[in-house]
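What follows is one structure encoded as structure tokens, with my remarks underneath.
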Amino acid sequence: MGEMNVHLNGRIIPASQAAVSIADAGFMHGASVFTTMLARNGKVFRLDRHLARLMEAAGKFLLRTDASAEALTTATGELLAANSLSPARVRITLTPGAAGGEGPATTLITAEPLPDYPPQWYNQGIGVVVSSYKQSHEDPLCGYKTGCYLPRLLARQEAAGKGMEEALWFTTDNLLAEACFCNVFLVLGGQVLTPPLDTPVLPGIVREAVLELCRARGVKCSDRRPLTVREMLAAQEMFITSACSGIRPVVRAERHGVGDEKPGPVTRKLMAAYKELLDHECPPESAKC
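What the sequence shown shows, in the working numbering, is residues 13 to 301, in sequence order.
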């Protein structure tokens, strides 16, 4: 495969030619917001929801931007066509440009082949650790995708050092929050539970889709009440969700086995339902007639 193109400030150019100013506030201060998305058959899964969340975050942090949802929709489609990718991992990053507000804001869209995720993640499940870091209501960045992701990377390195794939974050008052780059769900007493958004956690697009699937298929679910360490330890099943890796069963948390340490029936049901949803919303060209 040849060099990938990127969409930078309104132009499609080879990745090797793309450059951002050394004075860019995203580079200097982490002053950026982003979203990462899954594209299949030339279409991004729930692009409108990703863009709504992205623009909300830009407004929340008063980031100067020239981007609009309409322009980003067009640009994303152009880039996917230019790179001829399916499936693909797409990322949109917005920064206010040079610190001090001089010059244009930065809009960068990248698209690359979807990573080759190990099949055992899905048919055998993964392990997670409990991060030594905490989330807090006092942190204005919690619940948003920003350029200040170093603590998340450090936590995942911590997990990798213990032979695990992800790390679970708890709040400063010991409530379950999320994983480094994923939302987390428990299955307890036949009910699917995930921490409420005001925990705070990221309003994940796949998180939202899973709750929709539960309601559509008669699976009891709730995202209304906080979840404790005790409930995590008592869960019969656990899984995490993200845009590109989808739904991954969790079978071990530190030294604690989850259920019978195999992907559980509710998780498998939702994985199958999510695959059907992707096939329906991002069908091959021949199926769009």
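Here a beta-carbon is modelled for each residue, glycine too, at the ideal position from N, C-alpha and C.
- Residue pairing by DSSP places Trp181 opposite Glu190 in a beta bridge.
- Contact annotation: the stretch 147–156 does not touch the stretch 121–128, with fewer than three C-beta pairs closer than 8 Å.
- Counting C-beta pairs closer than 8 Å gives three or more between the stretch 36–53 and the stretch 155–165, which meets the contact rule.
- When the beta-carbon positions are compared, Cys194 and Ser143 stay at least 9 Å from each other.
- According to DSSP, Cys233 shares a beta bridge with Val204.
- Around the beta carbon of Ile252, 16 or more other beta carbons sit within 10 angstroms, so the residue counts as buried.
- Its Cα nearest to that of Thr183, the residue Thr240 stands out among His19, Gly276, Thr240, Ala172.
- For the pair Val262 and Asp235, the Cα-to-Cα distance works out to about 19 Å.
- Within 10 angstroms of the beta-carbon of Arg237 lie fewer than 16 other beta-carbons, which makes it exposed.
- The three-state reading of DSSP puts Ser257 in coil, since its state is none of H, G, I, E or B.
- Comparing alpha-carbon positions, the option among Ala221, Thr88, Ala43 lying closest to Gly71 turns out to be Ala43.
- Closest by C-alpha distance to Gln136, out of His292, Asp272, Asp291, is Asp272.
- If you look at Lys146, you'll find it in the beta strand (DSSP E) that goes 138–147.
- Sequence-distant Cβ neighbours of Arg76 in its own chain, meaning closer than 6 Å and more than five residues away, are Pro108, Ala117.
- By the neighbour-count criterion, in which a residue is buried when 16 or more other Cβ atoms sit within 10 angstroms of its Cβ, Gly201 is exposed.
- Counting the other Cβ atoms within 10 Å of the Cβ of Ala172 gives fewer than 16, which makes it exposed.
- In the DSSP assignment, Thr48 falls outside any alpha helix (DSSP H) and lies within the beta strand (DSSP E) extending over 45–52.
- Three or more Cβ pairs closer than 8 Å define a contact, and the stretch 199–219 falls short of that threshold against the stretch 162–171.
- Note on Glu114: under 16 other CB atoms within 10 angstroms of its CB, so exposed under the neighbour-count rule.
- In the DSSP assignment, Ile217 falls outside any beta strand (DSSP E) and lies within the alpha helix (DSSP H) extending over 217–228.
- For Glu297, the CB contacts under 7 Å within the same chain, skipping 5 residues up- and downstream, are Asn53 in chain order.
- Within the model, the alpha-carbon separation for Ala179 versus Ala246 is close to 18 Å.
- Rounded to the nearest whole angstrom, the C-alpha separation of Gln147 and Arg164 is 11 Å.
- Counting the other Cβ atoms within 10 Å of the Cβ of Leu74 gives fewer than 16, which makes it exposed.
- In this chain, Ala123 is not harboured by any alpha helix (DSSP H); it is covered by the beta strand (DSSP E) spanning 118–125.
- For the 9 Å CB-CB criterion, Ile138 and Arg260 form a contact.
- A distance below 6 Å between beta-carbons, with the five flanking residues on each side excluded, links Arg264 to the following residues of its chain, in chain order: Gly139.
- The continuous beta strand (DSSP E) containing Val102 extends over residues 100–107.
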